[in-house]
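First comes the structure, then the notes that go with it.
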Amino acid sequence: MRTKIVLMLVVMVATVGLSRADEKPLERVELDKRIATAAYESALLGTSLFNDDKNYEGCYRLYQGTLLAIVPLLDHRETLQAKVKLRLERAADNIKAGKWDAPKGAFELRTALDEILEEIAPARNGKKGATMWERLGGEIGVRKVVDDILLAAAEDPKINFFRGKKPDPKIIGHLRQTLVEMISENTGGPLKYTGKTMAEAHKGMMITNAEFDAFAEVIVKVLKKHKVDDADIKVLAKVIESTRKDIVEKRD
Ligand code: HEM
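Once you know that position 34 of the sequence shown is 190 in my numbering, the rest is easy, because the numbers rise by one and skip nothing.
What follows is the structure, encoded as structure tokens:
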């Protein structure tokens with residue numbers, strides 16, 4: 157189910173800006189941006205296939221297809237192109253040798269996607285770093301955290317997240333994006349928040365303090381599961397707490 161939603165979002169994001177063909181050839185900078193988007197979206201969907209669906213072969217094939225399409229476009233980055241080719245070959249040799257190991261192949265190719273992001277768009281692929289955004293794993297890491305928060309919140313009757321209504325994929329997609337942006341804005345990330353104010357977004361939901369507490373608890377639990385430092389959790393908990401006055405309508 158979650159993979160379906162992720163796939164829908166990937167297609168949405170990957171096709172933005174591609175609606176009109178331009179007469180001029182692409183500038184290298186624009187080409188790099190598109191390569192990074194393809195690598196990033198593939199890594200995101202692959203993570204979901206690997207971790208959530210345990211579909212290791214699906215993940216391997218997705219990465220392989222993405223990399224085979226990207227390799228010829230890396231001719232202006234020869235060293236990177238050679239590294240990626242080598243990883244593709246290594247993963248394929250793994251099959252030829254009769255030792256087909258899909259998780260191992262997926263890891264090899266994921267490393268290649270990370271190397272591409274690292275060289276072309278390091279801000280999208282944060283690992284250990286100076287800002288909290290980077291420590292959270294950049295956009296990929298934060299999206300994973302947000303997905304887990306939404307999944308856990310949707311399942312918790314103490315939160316009653318969708319207020320008795322059937323979850324709408326469009327709303328989930330929007331929420332997922334705006335939550336990532338909100339975290340980005342508060343942790344030194346590159347994305348700016350584009351959603352409604354907290355009061356507008358939650359108006360009429362009659363959210364209680366107890367429901368808010370339960371949601372805050374879920375967020376902390378998920379952050380702990382992702383091994384986020386206690387100091388960083390404290391900062392994020394403060395950000396969440398600062399929204400209580402705009403979200404809680406029904407005093408209990
Ligand atoms: C018990 C507490 C909460 C419940 C039940 C709840 C529920 C919801 C629901 C159902 C929506 C979708 C509204 C719609 O588009 O129809 C929403 C939107 C949103 N919520 Fe919450 N929420 C809660 C607390 C929070 C907290 C603590 C945060 C962040 C600190 C947050 C951030 C957001 C954001 C960013 C949106 C999207 C805003 C937009 O539409 O532009 N929510 N919430």
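A virtual CB, placed ideally from N, CA and C, is assigned to each residue, including glycine.
C-alpha gap between residue i and residue j, whole angstroms
i    : j    : result
A286 : A387 : 14 Å
L182 : L236 : 20 Å
H232 : L223 : 16 Å
A247 : A262 : 8 Å
K381 : L205 : 19 Å
A192 : L230 : 11 Å
L392 : G360 : 25 Å
L200 : D304 : 14 Å
A177 : K390 : The predicted position of A177 is uncertain, since its pLDDT is 49 and thus under 50; a value taken from the coordinates is nonetheless stated next. So the alpha carbons of these two residues sit roughly 47 Å apart.
N342 : K394 : 11 Å
T364 : D312 : 14 Å
V185 : M362 : 48 Å
Q333 : G351 : 9 Å
V404 : K189 : 41 Å
E271 : D402 : 42 Å
S198 : K406 : 42 Å
S398 : H330 : 22 Å
R400 : L218 : 41 Å
Contact under 8 Å by Cβ, residue i with residue j
i    : j    : result
V378 : A310 : no
A268 : V302 : no
Y212 : L273 : no
I315 : A277 : no
G202 : R266 : yes
L244 : Q220 : yes
D408 : R291 : no
Near the ligand HEM: residue i beta-carbon under 7 Å from a heavy atom
i    : result
A357 : yes
L438 : With the chain represented from 157 up to 408, any question about residue 438 goes unanswered, as that position is not in the structure.
E292 : Note that residue 292 is Leu in the sequence shown here, rather than Glu. Not under cutoff, so the answer is no.
R217 : no
I339 : no
E186 : no
F206 : no
G351 : yes
K389 : With the sequence shown as reference, residue 389 is identified as Ile, and Lys is not the correct amino acid for it. No, Cβ of I389 sits at least 7 Å from all heavy atoms of the ligand HEM.
G305 : Here the sequence assigns Ile to residue 305, which means Gly is not the residue at that position. No, since every heavy atom of the ligand HEM falls outside the 7 Å radius drawn around the Cβ of I305.
L242 : no
R407 : no
E367 : yes
T399 : yes
R433 : Absent from the model: residue 433. The displayed extent of the chain is 157 to 408, so no value can be given.
M362 : no
I396 : yes
I226 : no
I327 : yes
F263 : no
Beta-ladder partner(s) of residue i, from DSSP
i    : result
T350 : Beta-bridge pairing links T350 to no other residue.
V404 : I363
Heavy atom of the ligand SAM within 7 Å of residue i beta-carbon
i    : result
L331 : In the structure on display, the ligand SAM does not appear, and the ligands it does have are the ligand HEM.
At least 3 beta-carbon pairs within less than 8 Å: the segment 286 to 301 vs the segment 244 to 260: no
contact_flag[the segment 366 to 377, the segment 326 to 338] where n(CB pairs < 8 Å) is 3 or more: The segment 366 to 377 makes no contact with the segment 326 to 338; the number of CB pairs closer than 8 Å stays below 3.
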